[in-house]
Amino acid sequence: MTRFTDGEKTVEITMRKFDGTNLSPDMSNDIFEAPLSEGTDETYKVDNVDDLIDYVNDWAEYREECYDREALEEERENDKENGLERIVDVVVL
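In my numbering, the protein residues as written are 1 to 93.
Now the structure itself:
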């Protein structure tokens, strides 16, 4: 779980893959750590939490907004071959 705030709203986001039996470890910190500047108390500061929620939902649905076209097709095909489904949990605090 990774926590984000825009100063008005704070959320905890978990991003995983599900193989029908097991959930992968949470990938949200790996996905978001590099492009974000760290805030306080292990909470990342972002400009707009709602935009981030839209992004994680796009990620879960393999929407192009999260990828360039080639990477999107490769990731989708890889997950399909391995029977993986993407699971996103967003908790507003």
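Idealized CB from N, CA, C, for every residue including glycine.
Comparing C-alpha distances from D47 to each of R69, N78 and K9 shows the shortest one belongs to K9. Counting along the chain, D6 sits inside no beta strand (DSSP E), nor does DSSP assign it H or E at all. Across the structure, M1 and E77 are spaced so that their CA atoms are roughly 26 Å apart. In the three-state reduction of the DSSP assignment, R16 falls in the strand class, which pools E and B. When only Cα atoms are considered, E64 and D58 end up about 8 Å apart.
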